[in-house]
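Asker: Residue numbering for the sequence shown follows full-length UniProt numbering, starting at 1 and increasing by one per position.
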Amino acid sequence: MKKRELRSLVAARETKSPMKTRLSSGSPTSVLPSQQSAGRRRNTPKKLIPENGVDSGAKKLTKTTVDSYKIPGSRNVVKVGDCVLIRAPQRVESPYVARIEKIEQIPASDKVKTVVKLRWFYHPEETVCGRRPFHGEQELCKSDHFDSQDADCIQGKCKVYTFEDYCMLKEVDKHDYFWRFEYQAASQTLSPDSVDVYCICEMPYNPDHFMVQCEMCSDWFHPSCVKLSQEQVATMEAYVCLRCSR
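Quick look at the structure:
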């Protein structure tokens, strides 16, 4: 677990309305093909379970809804509503992140198979806009993409916060994520389509980057944009921006 050296902008929103910028669709080279963007999730090592809960051609069997599932080889128990890490098909890729919507058990020939219905969170680079400089390292987009997977593709538990709640955390773990945009996978659109911007660089807030607030106008600035170091800011009793100091 690491300490956060961040200044939250949540309180600043109450004192000053920042400018907004509209999100564009990005350059064509950053766009993922629709079959790649929405279908990539189905390339997990485990076989995708059809919606009727049984393999094609097999006799239809009764599904039983259960409340929880114990991850093999660990003490972790996941429940409906929990967010989980899903094994990516390539080991070099970051784990996928999803929220469990339903857990079902399906009788098979030699054992009972557990299947989870998931709602996916997309990494920014998986969306039509691609990853931008303002995206945090732990940022995700909540999608409207649902499907079902074998439960044994679950690697572990994680937490996904709203942007505001994440900014209020004093400490963050490597499995703490956040979202501020929703992604419609079929239409490849993000909402909201505009976002608040700060500093003279007019960039949206990245919670991984330290910012300092002007005592007079309440605007927020990256120290590097106003030719200061974070160490210099730490020694100041108060910061006044160039515009307010004139």
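For glycine and all other residues, C-beta sits at the position ideal for the given N, C-alpha and C. Note that the structure is predicted; figures quoted are calculated from it, not measured.
(1) Could you have a look at Gly26 and say whether DSSP puts it in helix, strand or coil?
(2) At what residues does the beta strand (DSSP E) containing Val84 begin and finish?
(3) Beta strand (DSSP E) containing Val240: first to last residue?
(4) Start and end of the beta strand (DSSP E) containing Gln184?
(5) Mind checking whether Lys121 and Val78 have CB atoms under 8 Å apart?
(6) Thinking C-alpha only, which one of Val212, Thr189, Lys111 is nearest Tyr198?
(7) Would you report the Cα separation of Thr127 and Arg87, rounded to the nearest angstrom?
(8) Could you please give me the residues that DSSP links to Cys141 through a beta bridge?
(9) According to the neighbour-count rule (16 or more other Cβ atoms, all chains shown, within 10 Å of its Cβ), is Ile200 buried or exposed?
(10) Mind checking Ala108: buried by the 16 CB within 10 Å criterion, or exposed?
(11) Taking only three categories from DSSP, how would you classify Ala38?
(12) I believe Glu182 touches Cys141 by the beta-carbon criterion, under 8 Å. Please report the beta-carbon distance rounded to the nearest angstrom.
(13) Inspect the beta-carbon positions of Glu139 and Phe178 and report whether they are closer than 8 Å.
(14) Where Ala238 and His222 are concerned, what is the direct C-alpha to C-alpha distance, given to the nearest angstrom?
(15) Going by DSSP in three states, Phe163 sits in which element: helix, strand or coil?
(16) With H, G and I counted as helix, E and B as strand and the rest as coil, what does DSSP make of Val197?
(17) When the distance is taken between beta carbons, is Val112 closer than 8 Å to Ile100?
(18) Just verifying my parser: in three-state terms, what is the DSSP assignment at Gln230?
Answerer: Reading it off the structure:
(1) Caution is warranted here: a pLDDT of 42 is assigned to Gly26, below 50, making its placement in the model unreliable, and the coordinate value is therefore given only provisionally. Of the three classes helix, strand and coil, the one that applies to Gly26 here is coil, per DSSP.
(2) 83-86
(3) No beta strand (DSSP E) holds Val240; DSSP gives it neither H nor E.
(4) Gln184 -> beta strand (DSSP E) spans 176-184.
(5) The residue asked about is misnamed: residue 121 is Phe in this sequence, not Lys. The answer is no: Cβ separation not under 8 Å.
(6) Val212
(7) 19 Å
(8) Tyr122, Phe181
(9) exposed
(10) exposed
(11) Unreliable placement is indicated for Ala38, whose pLDDT of 36 sits below 50; no coordinate value is reported for it.
(12) Right, the Cβ-Cβ distance comes to about 7 Å (below 8 Å), so this counts as a contact.
(13) yes
(14) Between Ala238 and His222, the alpha-carbon positions lie close to 15 Å from each other.
(15) Three-state DSSP puts Phe163 in a helix.
(16) strand
(17) no
(18) helix
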